[in-house]
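The structure appears below as structure tokens.
Protein chains: 2
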Amino acid sequence: MPAHHLEKINIAKLKVACSTCTLRELCLPIGLNAVDLDRVDSIINRRQRYKSGQHVYRTGDLFQFLYAIRLGSFKTYELNKDGREQVSGFHMAGELIGLDAISSDMHVCSAVALEDGEICEIPFVKLESLSREIPTLQRQFHRFMSREITSDHRLMMLLGTLTAEERLATFLSNLSERLQARGFSPRTIHLTMSREEIGNYLGLKLETVSRMFSKFQEEGLVEVDRRELKIKDTEALKRIAECNKP
Amino acid sequence: MPAHHLEKINIAKLKVACSTCTLRELCLPIGLNAVDLDRVDSIINRRQRYKSGQHVYRTGDLFQFLYAIRLGSFKTYELNKDGREQVSGFHMAGELIGLDAISSDMHVCSAVALEDGEICEIPFVKLESLSREIPTLQRQFHRFMSREITSDHRLMMLLGTLTAEERLATFLSNLSERLQARGFSPRTIHLTMSREEIGNYLGLKLETVSRMFSKFQEEGLVEVDRRELKIKDTEALKRIAECNKP
DNA sequence: CGCTATCTTGAGTAGCGTCAAGTCATGTGG
DNA sequence: CCACATGACTTGACGCTACTCAAGATAGCG
């Protein structure tokens, strides 16, 4: 085999290995040593591409994989019998989705790409078996599940007790923080979801979301033009959102 | 040691061992064989008693244990900065609470007894270590965490999309089912929580909860007298609650 | 260029919240 | 034993927030 060919393969492999992934400090294998990282590497189906609008899984699908987001943004949602939608989360790079399916071996919500993106598939049975051998991985996985529960509780607090204004401010603050943590601008945000989807997340109608955006704009907190958002007064936004904290 | 003394000890031990616990088919060690069951037994601090109103843990407490409820009912709740309360769940025998604390090593919500009850404390570090050796236990634990996520998503759907009437019907149907699963009457229910606590769970004010109870009573769905509840028309109640299902 | 999807804005309304008064059961002290 | 206080609940009147319905604006797309 010629040398340049070998090199190509290595580059291709490197590009997608956990060890060289820019997300490794955000993703499941946080804190693993090189050897253990390789073992995790070996069970992952790396870099499945998703087009905007494409589903990762749907309610009722057999559960086999957890999905670690590498690139792009995704929403997870449930529909009730009447077709009402509740968005349970907007997810971005480094987050793990599909955790709700473990208990019933079937996905109980759906996940869809809001823009083009990439996902690493993690075979759950293999992850469980590996996490029996690597305590750090086990602990990390438990933290991820627990974090999901914590963030669900935050959303409950929002849905159960906050006003429309407080809900939107909380949503924007949270989005800004998470983008910042991933190296994006916390001020200039491209919204990958529609007003209706934001509403279905916050327990509001799309008209109410739109009105609140306009109100925040009038008050000089943000500038919105369709899906382009500029946060002009982070502090004021945070102050309104503060009420969702303990 | 005299025989009668020995017998006494055995009885005392039997009364609190997982292997003889009436909840073993509902609780964490579902499906374990006798040997593994004993190993789980050995790490558990059994039967801590709680008086009505007593806290199991509070926001900010160091996380050390998961808590398996043996007897009684408990609520888990969070307070936000303004003192608004969101109840994240009413929990009863066989349920595991404290799962939200894993990610931060601190409890992020509080748990309080709604009536006198008993709880088994499970040291989390020991549970993790044991679950590395007992795959069935590991799987079971993951199922419990995942079930928590699923039920949180149900509550989100309720809070985000349902009317007051639908919320209360869903609450009552769910309560009835869970009591039935534990061998209690699904029709004659003693409510261990106040109207305000129900409201803080359902995202409603206590007056609205009270009005909805009265409405259900007028319509012949239930009979309520303070905290004693009789379900007169299970089917009608289920029909109203149905909308919270996928 | 017109069609469609998405978003904004207005007017009117319904549902739930707020405030307040009253009931009832239980507990307390004289 | 009664007078009174207290906490939990119910009910009514009224108000406000967010919803509904509708019309119009704008960008993207075939």
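Chains as they are written, first to last, in my numbering: chain A, 1 to 246; chain B, 1001 to 1246.
Glycine included, C-beta positions come from ideal geometry on N, C-alpha and C.
Quantities reported herein were computed from a predicted structural model and do not represent experimental measurements.
Legend: CB atoms of the segment 132-160 of chain A lying less than 8 Å from CB atoms of chain B belong to residues Arg132, Glu133, Pro135, Gln138, Arg139, His142, Arg143, Phe144, Met145, Ser146, Arg147, Glu148, Ile149, Thr150, Asp152, His153, Leu155, Met156, Met157, Leu159 and Gly160. Classified as exposed, A/His190 has fewer than 16 neighbouring CB atoms from the shown chains inside 10 Å of its CB.
According to the DSSP secondary-structure assignment, A/Gln86 is paired through a beta bridge with A/Glu78. Minimum Cα-Cα distance from B/Glu1078 among the listed residues A/Asp152, A/Phe144, A/Leu99 and A/Tyr57 corresponds to A/Asp152. Between B/Pro1246 and chain A, the shortest Cβ-Cβ separation is below 9 Å. Straight across, the Cα-Cα distance linking A/Phe144 with B/Phe1144 is about 14 Å.
Per DSSP, A/Leu155 is one residue of the alpha helix (DSSP H) stretching across Pro135 to Thr161.
Neighbours of A/Arg84 across chain B, judged by C-beta separation under 9 Å: Met1157, Gly1160, Thr1161, Leu1162 and Cys1243. Per DSSP, the unbroken alpha helix (DSSP H) holding A/Gln217 starts and ends at Leu206 to Glu218. Between B/Leu1237 and B/Ala1169, the C-beta spacing is below 9 Å. Between the beta-carbon of A/Ile119 and that of A/Ala93 there is about 10 Å, and that puts the pair past the 8 Å contact cut.
When C-beta atoms of the segment 98-113 of chain A are compared with those of the segment 73-90 of chain A, three or more pairs fall below 8 Å, so the two segments count as touching. Closer than 9 Å to the CB of A/Ala101 there is at least one CB belonging to chain B. The C-beta distance from A/Pro135 to B/Asn1080 rounds to 35 Å, too long to fall under 8 Å, and the pair is not in contact.
Boundaries for A/Gln54: no beta strand (DSSP E) harbours it, and the DSSP string shows neither H nor E there. Take B/Arg1195, set aside five residues on each side of it, and the residues of its chain with a beta-carbon closer than 7 Å to its own are Leu1206, Val1209 and Ser1210, in chain order.
With a threshold of 16 other beta carbon atoms within 10 Å, B/Asp1041 meets it and is buried. In this model, A/Leu172 and B/Gln1064 are separated by some 34 Å (Cα to Cα).
Interface residue (Cβ-Cβ distance to chain B less than 9 Å): A/Glu207 is not classified as such. The bridge partners DSSP lists for B/Ala1068 are B/Leu1096 and B/Cys1120. The segment 1152-1161 of chain B makes no contact with the segment 1042-1049 of chain B: fewer than 3 CB pairs, one atom from each, lie closer than 8 Å.
Here A/Arg24 carries a coil assignment [DSSP, helix/strand/coil].
Under the three-pair Cβ rule at 8 Å, the segment 175-191 of chain A counts as touching the segment 86-106 of chain A.
Identification of chain A residues near B/Ser1088 by a Cβ-Cβ cut-off of 7 Å yields His153 and Met156, ordered along the chain. When 7 Å is used as the limit between beta carbons, A/Asn80 is near these residues of chain B: Met1157, Thr1161, Cys1243, Asn1244, Lys1245 and Pro1246, in chain order. Not a single CB atom of chain B sits nearer than 9 Å to the CB of A/Tyr67.
Those residues of the segment 25-36 of chain A placed with their C-beta closer than 8 Å to a C-beta in chain B do not exist. Just so you know, the alpha carbons of B/Glu1025 and B/Gln1086 end up roughly 30 Å apart. When C-beta distances to chain A are compared with 8 Å, the residues of the segment 1107-1119 of chain B below that value are Val1108 and Cys1109, in chain order.
Taking the Cα of A/Arg226 as reference, the smallest distance to any Cα among A/Asp233, A/Phe213 and A/Pro186 is reached at A/Phe213. Residue pairing by DSSP puts A/Asn45 in a beta bridge opposite A/Glu121.
In this structure, B/Glu1121 places its C-beta atom within 9 Å of the C-beta atom of B/Gln1048. Comparing alpha-carbon positions, the option among B/Glu1223, B/Val1016, B/Ser1019 and B/Arg1084 lying closest to A/Asn244 turns out to be B/Arg1084.
Minimum Cα-Cα distance from B/Glu1177 among the listed residues B/Glu1148, B/Glu1235 and B/Asp1038 corresponds to B/Glu1235. Cβ neighbours of B/Ala1017 within its own chain (closer than 7 Å, five residues either side excluded): Asp1041. Taking B/Leu1037 as the centre and dropping the five residues before and after it, the same chain places the C-beta of Cys1018, Ser1019, Arg1024 and Pro1029 closer than 8 Å to its C-beta, in chain order.
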